[in-house]
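All remarks here apply to the structure that follows.
Residue numbers (the working numbering): 36 to 245.
Here is the structure:
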């Protein structure tokens with residue numbers, strides 16, 4: 036079990052020479068530097084973001100946080116709209132990165148933007164972040180890129196994940212209701228044992244004494 040902390044960095048883009056800033060999660064400063072170099076960035080400064088112990092995250096295998104399916108559905112729909120409206124890919128990514136409310140998605144999009152700017156294909160840039168963009172999404176984007184219908188592929192992705200999100204909500208609702216009923220029943224039994232039974236027990240004892 037390793038302690039994952041948030042670091043703030045300044046780095047030079049090896050391709051464009053510009054200085055970029057951002058935050059990244061890793062287990063150490065060396066790990067941050069390795070991640071930045073893998074993205075074609077030369078670290079200038081890396082510092083631990085100030086956090087209280089309660090806000091730190093522990094990375095437990097099998098329990099890593101992922102971006103919600105509903106969030107991916109909204110992202111794909113927004114991107115499809117911008118692409119279909121004729122906006123260039125780089126401009127689209129910049130807009131969506133700025134608007135993303137989910138921190139994990141926002142940081143991944145910033146790195147995707149940097150990768151595409153460095154010459155990577157959009158699908159290849161997405162594939163570098165499997166914890167955010169599922170293989171199905173990457174594959175569909177790759178097909179859209181190759182066939183020249185990226186906007187259409189993104190629309191299909193949006194509809195697919197929207198349906199998945201709605202199905203998940205229905206499953207949660209179906210499982211939550213029985214749990215509520217069971218909880219009420221348990222509370223009722225406890226109330227009877229605690230309050231009602233002693234009352235009747237006292238009544239029977241008083242009748243017996245008479």
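Glycine included, every Cβ here is placed at the ideal spot set by N, Cα and C.
| said: Tell me which residue opens and which closes the beta strand (DSSP E) that residue 58 is part of. | reply: Here residue 58 is taken as the residue at index 23 of the chain shown, counted from 1. From DSSP, the beta strand (DSSP E) with residue 58 extends over 54-61.
| request: Look up residue 38 in the DSSP assignment and say whether it is helix, strand or coil. | output: As a first step, residue 38 must be located in the chain shown, where it is residue number 3. Note: residue 38 maps to strand in three-state DSSP.
| task | Give the secondary structure of residue 9 by DSSP, where H, G and I count as helix, E and B as strand, and everything else as coil. | result | No information on residue 9 is available, as it lies outside the stretch 36 to 245 that the chain covers here.
| query | Could you give the residue range of the beta strand (DSSP E) that holds residue 78? | reply | Start at 1 with the first residue of the chain shown, and residue 78 comes out as number 43. Looking at the DSSP string, the run of the beta strand (DSSP E) that includes residue 78 is 76-83.
| field | Pick from 193, 191, 70 that is closest to residue 61, judged by C-alpha positions | value | For the purposes of this step, residue 61 is taken as residue 26 along the chain shown, with counting starting at 1. When only C-alpha atoms are compared, the closest one is 70.
| request: Please state whether DSSP places residue 47 in a helix, a strand or coil. | output: The sequence position of residue 47 within the chain shown is 12, counting from 1. Looking at residue 47 - three-state DSSP - the assignment turns out to be strand.
| Out of 58, 194, 165, which has the shortest C-alpha to C-alpha gap to residue 112? | Taking the first residue of the chain shown as position 1, residue 112 is located at position 77. For residue 112, the nearest C-alpha among the options comes from 194.
| Between the C-alpha atoms of residue 206 and residue 105, what's the straight-line distance to the nearest angstrom? | What you label residue 206 is simply residue 171 of the chain shown in a count that begins at 1. What you label residue 105 is simply residue 70 of the chain shown in a count that begins at 1. So the alpha carbons of these two residues sit roughly 15 Å apart.
| field | At least 3 beta-carbon pairs within less than 8 Å: the region 146-160 vs the region 72-83 | value | yes
| query | Could you give the distance in angstroms between the alpha-carbon of residue 91 and the alpha-carbon of residue 216? | reply | Against the chain shown, residue 91 aligns to sequence position 56. Against the chain shown, residue 216 aligns to sequence position 181. Its pLDDT being 42, under 50, residue 91 is placed unreliably by the model, and nothing is read from it.
| request: Output yes or no for whether 8 Å exceeds the beta carbon distance between residue 108 and residue 42. | output: Translated into positions along the chain shown, residue 108 becomes position 73. Translated into positions along the chain shown, residue 42 becomes position 7. No; because the gap between Cβ atoms is not below 8 Å, this pair is not in contact.
| message | With distance defined between alpha-carbon atoms, name the residue in 192, 47, 154, 40 nearest to residue 78. | response | As a working note, residue 78 is residue 43 in the chain shown. Here the closest residue by C-alpha is 47.
| task | Rounded to whole angstroms, what's the CA-CA distance from residue 82 to residue 44? Just pull it up for me. | result | For this step, residue 82 is matched to residue 47 along the chain shown. For this step, residue 44 is matched to residue 9 along the chain shown. C-alpha separation (whole angstroms): 6 Å.
| For residue 118, which residues of its own chain have a beta-carbon under 8 Å away from its beta-carbon, when the five flanking residues on both sides are left out? | Residue numbering aside, residue 118 sits at position 83 when the chain shown is read from its first letter. Excluding positions up to five away in sequence, the list reads 124, 127, 185, 186, 189.
| Is residue 139 closer than 8 Å to residue 167 when the C-beta atoms are compared? | As a first step, residue 167 is located in the chain shown; it is residue number 132 there, counting from the start. As a first step, residue 139 is located in the chain shown; it is residue number 104 there, counting from the start. Going by C-beta atoms, residue 167 is nearer than 8 Å to residue 139.
| task | Give me the Cα-Cα distance between residue 88 and residue 132, rounded to the nearest whole angstrom. | result | For the purposes of this step, residue 88 is identified with residue 53 of the chain shown, where counting begins at 1. For the purposes of this step, residue 132 is identified with residue 97 of the chain shown, where counting begins at 1. In this predicted model, residue 88 has a pLDDT of only 40, less than 50, meaning its place in the structure is not dependable; the value taken from the coordinates is given anyway. So the two alpha carbons sit approximately 28 Å from each other.
| task | Identify, in the order they occur along the chain, each residue of the same chain with its Cβ nearer than 8 Å to the Cβ of residue 50, setting aside the five sequence neighbours on each side. | result | The sequence position of residue 50 within the chain shown is 15, counting from 1. Hits under 8 Å: 75, 152, 153, 154.
| field | residue 66 - DSSP class collapsed to helix/strand/coil | value | Translated into the one-based positions of the chain shown, residue 66 becomes position 31. Helix.
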